[in-house]
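Here the structure is laid out as structure tokens; the discussion comes afterwards.
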Amino acid sequence: DVTDEKAVEASIRDALLAFGGLDLVVNNAGLSISKPLLETTNADWDLQHNVMAKGSFLVSRAAARVLIDQKLGGDIVYISSKNSIFAGPNNIAYSATKADQAHQVRLLAAELGEHGIRVNGINPDGVVRGSGIFAGGWGAKRAAVYGVPEEELGKYYAQRTLLKREVLPEHVANAVFVLCTSDLDHTTGLHIPVDAGVAAAFLR
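Quick note on numbering: the numbering used here labels position 61 of the sequence shown as 62, and the sequence is numbered without any gaps.
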């Protein structure tokens, strides 16, 4: 439970015992409730912000304590979203939370750099196949927003990209892997788009 400070700290301790140290942490906990503004409740807003904005803050803080103490540097990666930049309809709470996460990346990169800790983010487009968020009913709601059958949502997302490709979980994992290798050891504060090219989400 990433909203529970004690649970987060216990997870970090468990990782230390299991692996003998901490090298990287990925903030990937997420959920979404797709509703128009006037139907979005305080509870909807609070739930999404507690899980993603507060949750990633708690995880990053607990991880940073360990990484600083180890004096070996390390990586913190946020799975944000193209929605942190792209403004789509009926998605106020989710997209605002993702924008919060995206700025956490920049803020923590600025603060933790002196300790050799790199903080970067991934901005995927909608990952339909293999996604717990979409399987939990969000896919049907997003499909309704765009007027397509739910089973065609992945193809719909693909057709609006420059490369006409669907984004899968392994594409996001590949980006995380590259960010945490020595090939990008001089990179921090970066957001990598993994969206097959969504022009409206280009970083400016």
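No residue lacks a Cβ here, since even glycine has one placed at the ideal position from N, Cα and C.
Residue 25 is positioned such that its CB atom lies no closer than 8 angstroms to that of residue 67. The Cβ atoms of residue 196 and residue 121 do not sit closer than 8 angstroms to each other.
Taking C-beta separations shorter than 6 angstroms and ignoring five residues to either side along the sequence, the partners of residue 142 in its chain run 35, following chain order. Here residue 192 carries a strand assignment [DSSP, helix/strand/coil]. Where residue 121 is concerned, there is no enclosing alpha helix (DSSP H), although the beta strand (DSSP E) around it starts and stops at 118-125. Contact between the stretch 90-108 and the stretch 159-169 is not established, with fewer than three Cβ pairs separated by less than 8 angstroms.
Shown here, residue 75 sits in a strand according to DSSP, grouped into three states. By the Cβ neighbour-count rule, residue 43 is exposed, with fewer than 16 other Cβ atoms within 10 Å of its own.
The C-beta of residue 154 has 16 or more other C-beta atoms within 10 Å across all chains shown, which makes the residue buried. Here the alpha carbons of residue 148 and residue 131 stand approximately 22 angstroms from one another.
The continuous alpha helix (DSSP H) containing residue 179 extends over residues 170-180.
Take the alpha-carbon of residue 10 and the one of residue 56: they are about 12 angstroms apart. Here residue 189 is buried. Its C-beta has 16 or more other C-beta atoms within 10 Å. Leaving aside the five residues that flank residue 54 on each side, the residues in its chain whose CB is nearer than 7 angstroms to its CB run, in chain order, 98, 101, 102.
For residue 109, there is no enclosing beta strand (DSSP E); the residue is part of the alpha helix (DSSP H) that begins and ends at 93-113.
Non-local C-beta neighbours of residue 28 in its own chain, meaning closer than 6 angstroms and more than five positions away in sequence, comprise 57, 60, 79, ordered along the chain. Taking residue 113 as the centre and dropping the five residues before and after it, the same chain places the C-beta of 65, 120 closer than 7 angstroms to its C-beta, in chain order.
Under the DSSP assignment, residue 28 falls in the beta strand (DSSP E) whose first and last residues are 25-28. Within the same chain, Cβ atoms closer than 6 angstroms to the Cβ of residue 76 are found at 25, 119, 181, the five residues on either side in sequence being excluded.
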